[in-house]
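Visitor: Quick one: this structure, given as C-alpha cells, is what I'll be asking you about.
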Amino acid sequence: MGFFSSIVSKVKAGLEKTREVFVSGLRSLLTGRRLDDKTIDEIQSRLLAADVGPVTTNRLVDQIRADFRAGRIDSGDQVLTYLKAEMKALWPAQDRALRRGTDKPTVILITGVNGAGKTTSISKLAKMLQSQGNKVLLGACDTFRAGAVRQLEIWGERLGIEVVKGQQGGDPAAVAFDACQAAKARGVDVLILDTAGRLQTQDPLMRQLTKIRAVASKQIPGAPHEVLLVLDATAGQNALRQAEEFDRAIAGVASEGPRGEAPGVTGIFLAKLDGTAKGGIVVAIRDTTKIPVKFIGVGETPDDVQPFDPETFVEAMFAE
Ligand SMILES: Nc1nc2c(ncn2[C@@H]2O[C@H](COP(=O)(O)OP(=O)(O)OP(=O)(O)O)[C@@H](O)[C@H]2O)c(=O)[nH]1
Ligand SMILES: [Mg+2]
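Residues in the sequence shown are numbered consecutively from 43, following the working numbering.
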C-alpha cells in the first residue's frame, strides 16, 4: 500500500462513525434522488446533527436552495458533489504546518481540559517528530494530578525520549524552567510541555498556564513557538467554547476584554475523532475560530495521528 493511500485509509477508519451516521445517511438520502424542499430541509438537519455548525450549514443549505429554485440543480447527486467541493474549499492556504523556532529548541506548549487527550497526543507528536529526525524532550508540567508525571514517563520510556519532571504538587512553571534549560543544554530540537487538565473557568489554573508561557519565552526566544490546544472531538459544541476560552487565556486577556496583540492558541490537535459521529466539528471549528486544526487523533496509540489535510479529510468523510 502506498504512503498516501495508507494515510487515507487510516483517516477513513478514524472517521467511520461520522461516515456511518452522517455521510451514509446523506448518501442514501441523495443518491439517485430528485431534489425537493423537504429533502433540502433534511440535509440541513443532518449537517447540524454532525456538528458542522449553524454558520456553515446555513450558508451551504441556502446556496443549495437558491440553485434548486433557479433550476441550476435538480438531483441529489449534484448536491453531494457540491457539498464535497465546498467543504474542501473551507480551508484555504492556511498555515497548518507546525511552527518552528529559527534556532533550537522549538517549544510546543500543550493545553486543554481534563481528559481531552493531551498526554496521549504528546506521545503521538513526539513519535512523529522523532521519526522525522528530531531530538525530542518532554517536560512534565502537570504537577497537579496524581499519576500524571508517571503517565508521561511511561510514554517517554516506550519511545526512548527523556522526560524532565519535578515534584508532584510543585510549581509547574519551575518544571518548565528546568525543561527549557535542559533542552538548551542537550541540543534538543523540540521540547514538548505537558500541562494539567483544567477547567477553563478556573482562573488560578489559567494563570498557571500564562506563567508557564512567560517562563518559556524568557528562556528561549519566541517560545512557546506553538501553543497546541487539544480538543476532544466527542465534546461537540463544548469543544468550541473551550477553544475560545483558552485562546483568550493564553493571549493573556480577560475573558470579555478586547483581544490583544499577543498570540493565543496557535493550533488545534483534535483528538478522539475515531470515537465520534460528529466529525463535522472540524468545520464548526473553522467557522467559529480562526485557529487552524493542525493534527487529528484517530486512536489511542502513538501511531494514531495525522496532520490535518482538508482534501484527505473530506474524501475520507464521504468515502463509500
Ligand atoms: N479513541 C481515542 N482515544 C483517545 C485519543 N486520544 C486520547 N484518547 C484517550 O483519552 C483518554 C484521556 O487521554 P489523556 O491523554 O490521558 O488526556 P489528558 O488530557 O492528558 O488528561 P488529564 O491529564 O487527566 O487532563 C485516554 O484513555 C486516552 O487513551 C484518540 O485520538 N482516540
Ligand atoms: Mg495528561
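Yeah, the Cβ is synthetic: ideal placement off N, Cα and C, and Gly gets one too.
The structure presented is a predicted model; accordingly, all values stated were derived computationally and were not measured.
State whether the segment 220 to 240 contacts the segment 148 to 167, with contact taken as three or more CB pairs (one from each stretch) at a distance under 8 Å.
Guide: Yes, they touch.
Visitor: Going by alpha carbons, who is nearest to Ala139 out of Ala358, Gly113, Phe360, Pro334?
Guide: The candidate whose alpha carbon is nearest that of Ala139 is Pro334.
Visitor: Taking the C-alpha atoms as reference points, what is the distance between Glu357 and Thr123?
Guide: Those two C-alpha atoms are separated by around 11 Å.
Visitor: Determine whether the beta carbon atoms of Ala258 and Pro246 lie at a separation below 8 Å.
Guide: No, Cβ-Cβ distance for Ala258 and Pro246 is not below 8 Å.
Visitor: With three or more beta-carbon pairs closer than 8 Å as the criterion, would you say the segment 285 to 295 touches the segment 306 to 313?
Guide: Cβ pair count under 8 Å is three or more, so yes.
Visitor: Can you tell me whether Arg61 sits near ligand 1, meaning its C-beta is under 7 Å from at least one heavy atom of the ligand?
Guide: No - ligand 1 has no heavy atom lying nearer than 7 Å to the Cβ of Arg61.
Visitor: Rounded to whole angstroms, what's the CA-CA distance from Asp346 to Thr81? Just pull it up for me.
Guide: Near 37 Å, if we compare the C-alpha coordinates of Thr81 and Asp346.
Visitor: Which residues in the same chain as Ala127 place their Cβ atom closer than 6 Å to its Cβ, once the five residues preceding and following it in sequence are excluded?
Guide: There are no such residues.
Visitor: For Gly309, list the residues DSSP reports as bridge partners.
Guide: Leu270, per the DSSP bridge assignment.
Visitor: With distances taken between CB atoms, is the gap from Leu37 to Leu125 smaller than 8 Å?
Guide: Since the first residue shown for the chain is 43 and the last is 362, residue 37 is missing from the structure and cannot be characterised.
Visitor: With H, G and I counted as helix, E and B as strand and the rest as coil, what does DSSP make of Ala358?
Guide: Residue state, collapsed to three classes: helix.
Visitor: Could you give the first and the last residue of the continuous beta strand (DSSP E) run that contains Asp109?
Guide: Segment 96 to 111 is the alpha helix (DSSP H) holding Asp109; no beta strand (DSSP E) there.
Visitor: Along the chain, where does the alpha helix (DSSP H) that runs through Val191 open and close?
Guide: Unbroken alpha helix (DSSP H) run through Val191: 190 to 201.
Visitor: Should Lys166 and Val191 be called a contact, given that it needs their Cβ atoms to be closer than 8 Å?
Guide: It is not a contact, given that the beta carbons lie outside the stated cut-off.
Visitor: Gly299 by DSSP, collapsed to three states: which one?
Guide: No answer about Gly299 holds up, because its pLDDT of 44 lies below 50 and its placement is not dependable.
Visitor: Closest to Gly181 by CA distance: which of Asp104, Arg88, Leu57, Gln223 is it?
Guide: Of the listed residues, the one whose Cα sits closest to Gly181 is Gln223.
Visitor: Tell me the residue span of the beta strand (DSSP E) that contains Thr153.
Guide: Run containing Thr153: 148 to 153, per the beta strand (DSSP E) assignment.
Visitor: From what residue to what residue does the beta strand (DSSP E) around Ala182 run?
Guide: Residues 178 to 182.
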